[in-house]
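First to last, the protein sequences are chains B, P and C. Residue numbers for the first sequence follow my numbering, beginning at 1 and rising by one. Residue numbers for the second sequence follow my numbering, beginning at 254 and rising by one. Residue numbers for the third sequence follow my numbering, beginning at 613 and rising by one.
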Amino acid sequence: MAEEKKVYTRTKGILPDTVSGFCPGCMHSTVHKIIGEAAEELGKLDKLVRVEGVGCCGLGQFYVSCDETIAAHGRAGAVATGIKRSSPDSLVYTYQGDGDLAAIGLAETLSAANRGENFTVIFINNGIYGMTGGQMAPTTLLGMKSTTTPLGRKAEEHGYPLHMSEIINQLTAPYYIERVSCDTPQHVIAARNAIKKAFQYQLEGKGYSIIEIVTSCPTNWGLDTLKSLDFLRENMFKEYPLGVFRDGGEKKQ
Amino acid sequence: MAERVFMKGTEAIAEAAVRAGCRFFAGYPITPQNEIPEYMARRMPEVGGTFVQGESEVASVNMLYGAASTGIRAMSSSSSCGISLYSEGVSYCASARIPMVYINVQRGGPGIGAIQPSQQDYNQATKASGNGGFRMIVLAPDSVQECVDMVYEAFDYAERDQNPVLILTDGVMGTMMEPVVLPKMKSDEELAKCREKFLPRAIIGHPLGQQATCRPGSVGGGQEEKNIAAAELYKSWDKDIKVEEFMMDDAEIVFAAYGISARISRAVIRELREQGIKAGMIRPITISPFPYSSFSNLDFNRVKGIIDVEMSIPAQMKWDVEYAVYGRCPIKEVLRSGGQLLTNDQVKNGAMEFIKEVL
Amino acid sequence: MERNLMIAGFGGQGVMTMGKLLAEATSEATDLNVTFFPSYGSAMRGGTANCFVVISDKEIGAPVSYNLEDLIVMNGPSLHAFLPNLKPGGNLFINSTIVKDNIERKDINIVEAPVTQMAIDIDNPRALNVIMLGVYVGATDAVPEEVIIKGIEHKFAAKEKLIAPNVEAFKMGLEIGCKQKL
Chain B
1 MAEEKKVYTR
11 TKGILPDTVS
21 GFCPGCMHST
31 VHKIIGEAAE
41 ELGKLDKLVR
51 VEGVGCCGLG
61 QFYVSCDETI
71 AAHGRAGAVA
81 TGIKRSSPDS
91 LVYTYQGDGD
101 LAAIGLAETL
111 SAANRGENFT
121 VIFINNGIYG
131 MTGGQMAPTT
141 LLGMKSTTTP
151 LGRKAEEHGY
161 PLHMSEIINQ
171 LTAPYYIERV
181 SCDTPQHVIA
191 ARNAIKKAFQ
201 YQLEGKGYSI
211 IEIVTSCPTN
221 WGLDTLKSLD
231 FLRENMFKEY
241 PLGVFRDGGE
251 KKQ
Chain P
254 MAERVFMKGT
264 EAIAEAAVRA
274 GCRFFAGYPI
284 TPQNEIPEYM
294 ARRMPEVGGT
304 FVQGESEVAS
314 VNMLYGAAST
324 GIRAMSSSSS
334 CGISLYSEGV
344 SYCASARIPM
354 VYINVQRGGP
364 GIGAIQPSQQ
374 DYNQATKASG
384 NGGFRMIVLA
394 PDSVQECVDM
404 VYEAFDYAER
414 DQNPVLILTD
424 GVMGTMMEPV
434 VLPKMKSDEE
444 LAKCREKFLP
454 RAIIGHPLGQ
464 QATCRPGSVG
474 GGQEEKNIAA
484 AELYKSWDKD
494 IKVEEFMMDD
504 AEIVFAAYGI
514 SARISRAVIR
524 ELREQGIKAG
534 MIRPITISPF
544 PYSSFSNLDF
554 NRVKGIIDVE
564 MSIPAQMKWD
574 VEYAVYGRCP
584 IKEVLRSGGQ
594 LLTNDQVKNG
604 AMEFIKEVL
Chain C
613 MERNLMIAGF
623 GGQGVMTMGK
633 LLAEATSEAT
643 DLNVTFFPSY
653 GSAMRGGTAN
663 CFVVISDKEI
673 GAPVSYNLED
683 LIVMNGPSLH
693 AFLPNLKPGG
703 NLFINSTIVK
713 DNIERKDINI
723 VEAPVTQMAI
733 DIDNPRALNV
743 IMLGVYVGAT
753 DAVPEEVIIK
763 GIEHKFAAKE
773 KLIAPNVEAF
783 KMGLEIGCKQ
793 KL
């Protein structure tokens, strides 16, 4: 009889005995899992510090198993600066949505990136405010309906979608910038590798990394889970192409 | 005894913080407190600490929230309209019960106000420094020496209560120079001991099962329990009330003043005493918790009137005095604002008008 | 005994340095209470500058007074702006190189010294403030002269070659002040 071989264990970075309470089709739980896996593979779960943004990102507190604080809306970049500068041995990441990182927290986001703060930003971009019920985000696509753009986002009234990875790529200090997704197993693996690489860079003291994860929000997009994946691939990826914008580690090889 | 040095209020505050063990400072430029961040930018690296110039007051106070949540002694400073922007972060610290110290070197207000000194932020400091009805110990120094002593002890209060502590001073105290005796530098061992109580809660990474969480809110419920615990803490502060009762034994005219107004009133009281007028002063040293009983327990058969001296128009501390006096004697206001400094003569002239009426 | 002094002039005339030197030297060499309070405004080179020094054997109340014992004016605008703040019987010190106005108040004592010209004459144009401080101390005996000399030595401890010229400038002022003793 063939011996049973364990091929998958749930990461210790997620609290045991918890069940995801996120909406069906939401990718937050996947991202929480791969963050836990990345930190666990690096043997740094006991040094991991999570700085949570406000919105659905702030629900991660019920699932993750690491030291964790909640920043005021948009301020994760500043809070993480304070923590990392005061406790350089900690492995610090922020977990922020598009409203948090790109609207109310734009100054804190860009300033922390520009200082090259040695922490990692996990940026969840689904083009909408989730927790408050589907309002326009800075990353909402043109024509996309939200509760505050009932006729769809219009460039002349609301401006254009904000491309945070591209904007941060204009700065000199950031070390690693990559945009990934979690819509397929391959993309999930790529996202986990990106997060792990960013963590590794932080441990080596290389400075600022941002991993932008383009995700779906079936609930507030008003689509079922499969159609929201189609929308993600057809529309979100077109506006927010996946790829590496900068990798300080690659450059030097 | 330690050597007497001649220092500017802002720089003395910064040095006192360093000696108290402050190892993180974030701040944003605003007059009249710029020498504090400037001093810290120079001094922090010398003691292995961190200085960050925030991109705004909002960012600075949130950096403070982050740094203090690791359990090290952390401080920030700003002035009036900048302090308004601190409301968010201070409220978060109070909610998450994070010990930290911050300084308001008051200038004129409201709005951008005037860059000159004032005491225009009393209500904000003592009643509502942010949303949610939290309270803090607020210390009001009346000399550069007291600025130093209060900053030095503020960290102890903050750590004892795991709550923010505010030093409310003003542009006069911030910019003037006076002789001070500086306290001794706390050793690393002493600081490690200070940090001990908070360490299990410090957001620095912990082994599985011992993880620390810092919760400025209660998404999952339990907010009322947190509020009840905080209210218990606030009630326990009666023991921490500090008040100076100056020449009060036989006083018929009582000055009510804090900070810069109090030191001016003290000089005026001496002059009045030379003229045979029995004047005294109740000076709240902690303006929160406020020494209500010092006023409510006055012998109103003897006390003929109270003179509330503030560098604020409208009067603000007077509300607290009125609450305690409850109509038992008249209260006269002697006020300046908008960057106009009170002088001994102005206070004396204002007081004399009133004294003629009531005595 | 409390003395309230205001020093006023253009930025660049060393007004703040003069006040600070007097206050700091007094703090270091005596047991007196002393405060130094600079006026502050939006940062501007060449603007007006003024400061207050209070020296007292009692606790000091306000570090600012508009009922001054002593007023030092280094330029014309300061004279007009602040002369009303000098109390009757008070002492007015004038930089007579640039302040030529006729003083109408008869209830005050006036000490004049052409400190800008004197500083130029000794080839040390920046020392006008130290000369004026000498005039002030010589005329008033607000503090013993040794206090200021020690203060100068302390202030320039890192630039030793500046000590002698500044002490010399101070003594020049002192001599003028002593001749107009108040």
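Glycine residues also receive a C-beta, built at the ideal position from the N, C-alpha and C atoms.
Mind checking whether residue i and residue j have CB atoms under 9 Å apart?
i, j, result
"Leu171 (chain B)", "Asn114 (chain B)", "yes"
"Thr832 (chain C)", "Ala635 (chain C)", "What is shown of chain C runs 613 to 794, which leaves residue 832 (chain C) out entirely."
"Ala532 (chain P)", "Ile506 (chain P)", "yes"
"Val300 (chain P)", "Glu341 (chain P)", "no"
"Ile566 (chain P)", "Leu588 (chain P)", "yes"
"Asn645 (chain C)", "Val666 (chain C)", "yes"
"Glu264 (chain P)", "Ile283 (chain P)", "no"
"Ala509 (chain P)", "Val611 (chain P)", "no"
"Phe92 (chain B)", "Val31 (chain B)", "It is Val, not Phe, that sits at residue 92 (chain B) in the sequence shown. It is not a contact, given that the beta carbons lie outside the stated cut-off."
"Ser348 (chain P)", "Tyr339 (chain P)", "no"
"Ile706 (chain C)", "Gly746 (chain C)", "no"
"Thr466 (chain P)", "Tyr652 (chain C)", "no"
"Leu435 (chain P)", "Val305 (chain P)", "no"
"Thr539 (chain P)", "Asp502 (chain P)", "no"
I want to verify the contact list: residues of chain B whose CB lies under 8 Å from the CB of residue i, in sequence order.
i, result
"Gln624 (chain P)", "No statement about residue 624 (chain P) is possible, as the shown extent of chain P runs from 254 to 612 and does not include it."
Which residue or residues does DSSP assign as beta-bridge partners of residue i?
i, result
"Met618 (chain C)", "C:Phe664 and C:Leu683"
"Tyr95 (chain B)", "B:Glu52 and B:Ile122"
"Arg257 (chain P)", "P:Val434"
"Gly533 (chain P)", "P:Val507"
"Pro370 (chain P)", "P:Arg360"
"Phe277 (chain P)", "P:Thr303 and P:Ala327"
"Arg246 (chain B)", "B:Ile177"
"Leu588 (chain P)", "P:Glu563"
"Glu498 (chain P)", "P:Ile535"
"Asn703 (chain C)", "C:Asp682 and C:Asn721"
Residue i and residue j look like a contact to me (Cβ under 8 Å); what is the Cβ gap, rounded to whole Å?
i, j, result
"Pro352 (chain P)", "Asn416 (chain P)", "7 Å"
"Glu178 (chain B)", "Ile124 (chain B)", "Incorrect: roughly 14 Å between the Cβ atoms, too far for contact."
"Cys26 (chain B)", "Cys217 (chain B)", "7 Å"
"Thr139 (chain B)", "Asp98 (chain B)", "4 Å"
"Ile83 (chain B)", "Val49 (chain B)", "6 Å"
"Glu498 (chain P)", "Ile535 (chain P)", "6 Å"
"Asp46 (chain B)", "Leu461 (chain P)", "7 Å"
"Ile710 (chain C)", "Thr728 (chain C)", "6 Å"
"Ile517 (chain P)", "Leu421 (chain P)", "Not quite, the Cβ-Cβ distance comes to about 17 Å (not below 8 Å), so this is no contact."
"Met136 (chain B)", "His158 (chain B)", "6 Å"
"Gln569 (chain P)", "Asn376 (chain P)", "5 Å"
Note down, in chain order, every chain C residue with its Cβ under 8 Å from the Cβ of residue i.
i, result
"Leu594 (chain P)", "Ala674 and Val676"
"Ile517 (chain P)", "Gly673 and Ala674"
"Ala520 (chain P)", "Lys670, Glu671, Ile672, Gly673 and Ala674"
What residues from chain B crowd round residue i, counting only those whose CB sits closer than 7 Å?
i, result
"Ser309 (chain P)", "Ala107"
"Ile457 (chain P)", "Val49, Asp67, Ser87 and Ser90"
Which residues in chain C sit within 9 Å of residue i, going by Cβ to Cβ distance?
i, result
"Asp598 (chain P)", "Ala674, Ser677, Tyr678 and Asn679"
"Arg523 (chain P)", "Lys670, Glu671 and Gly673"
Taking residue i as the query, report the chain P residues whose CB atoms sit under 8 Å from its CB, ordered along the chain.
i, result
"Glu636 (chain C)", "Phe259 and Met430"
"Lys196 (chain B)", "In chain order: nothing, as chain P lies at least about 17 Å away."
"Thr647 (chain C)", "Met429, Met430 and Glu431"
Could you name the residues of chain P that residue i contacts, counting a contact when the two beta carbons are closer than 9 Å?
i, result
"Ser111 (chain B)", "Gly307, Glu308, Ser309 and Ala312"
"Lys632 (chain C)", "Phe259 and Met430"
Open item on the list: Taking 8 Å as the cut-off, does the segment 726-741 of chain C touch the segment 750-760 of chain C (at least 3 CB pairs, one atom from each stretch)?
Closed with: no
Are the segment 196-215 of chain B and the segment 111-126 of chain B touching by the rule of at least three beta carbon pairs closer than 8 Å? Flag = yes, the segment 196-215 of chain B and the segment 111-126 of chain B touch.
Notebook entry, point to check: Between the segment 330-337 of chain P and the segment 355-373 of chain P, are three or more C-beta pairs nearer than 8 Å?
Noted result: yes
Okay, do the segment 394-412 of chain P and the segment 551-563 of chain P touch, 3+ Cβ pairs below 8 Å being the bar?
-> no
inquiry  = Three Cβ pairs or more, each shorter than 8 Å: is that satisfied between the segment 578-585 of chain P and the segment 538-551 of chain P?
reply    = The segment 578-585 of chain P makes contact with the segment 538-551 of chain P, as at least three CB pairs between them are under 8 Å.
Query raised in the report: Taking three-plus beta-carbon pairs below 8 Å as touching, is the segment 616-628 of chain C in contact with the segment 684-696 of chain C?
Result: yes
Quiz item: Counting Cβ pairs, one atom from each stretch, are 3 or more of them under 8 Å apart for the segment 268-275 of chain P and the segment 294-308 of chain P?
Solution: yes
*asked:* Quick test of the definition: if touching needs 3 or more C-beta pairs under 8 Å, does the segment 473-488 of chain P touch the segment 521-533 of chain P?
replied: Judged by pairs of C-beta atoms under 8 Å, the segment 473-488 of chain P does not touch the segment 521-533 of chain P, as fewer than three such pairs exist.
Quick check: the segment 276-283 of chain P against the segment 310-326 of chain P, are there 3 or more CB pairs under 8 Å? By the Cβ test, the segment 276-283 of chain P is in contact with the segment 310-326 of chain P, since at least three Cβ pairs between them sit closer than 8 Å.
Review point. Would you say the segment 696-711 of chain C touches the segment 666-681 of chain C, given that touching needs at least three Cβ pairs under 8 Å?
Key: yes
Would the segment 8-16 of chain B and the segment 60-80 of chain B be scored as touching if the rule is three or more Cβ pairs under 8 Å? Yes, they touch.
Count the CB pairs spanning the segment 704-723 of chain C and the segment 756-775 of chain C that are closer than 8 Å, and state whether there are at least three.
no
**Asked** Is the number of C-beta pairs between the segment 70-85 of chain B and the segment 316-323 of chain P that are closer than 8 Å three or more?
**Response** yes
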